[in-house]
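Each remark here refers to the structure printed beneath this line.
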Amino acid sequence: EAFETVTDVEKKCLGERGAHVPIGQALFNTVVYILGPDLELVSEGQIGEIYIAGYNLATGYVGLGTS
1 EAFETVTDVE KKCLGERGAH VPIGQALFNT VVYILGPDLE LVSEGQIGEI
51 YIAGYNLATG YVGLGTS
């Protein structure tokens, strides 16, 4: 058996503290989206939720089977 944990999907070097929180740059084979309530991309400066996609994400949980 092999177990793997991904704890880092993007990173950004922070400089001076500002009004906005930068989300940084996605790692290789990973895409980070900021989406609105209808799952549409939001414009820069708008509030949204972070969605992460890529090959390094889990496809399920050990022991839960498929449903």
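Residue 38 in the UniProt record's numbering is what sits at position 38 of the sequence shown, and the numbering runs on without skipping anything. Positions of the beta carbon are idealized from the N, C-alpha and C atoms, including for glycine. Only a predicted model underlies this, so the values are computations on that prediction, with no experimental measurement involved.
In this structure, how does DSSP classify A58 when only helix, strand and coil are distinguished?
coil
Can you check whether the CB of L35 is closer than 8 Å to the CB of E49?
yes
Compute the Euclidean distance between the alpha carbons of N29 and I47, then round it to the nearest angstrom.
Approximately 25 Å, taken between the alpha carbons.
N- and C-terminal bounds of the beta strand (DSSP E) containing V32:
Annotation: the continuous beta strand (DSSP E) that includes V32 extends over 30–35.
Beta-carbon separation (whole angstroms), Y33 vs L27, contact threshold 8 Å:
Y33 to L27, Cβ: 14 Å. No contact.
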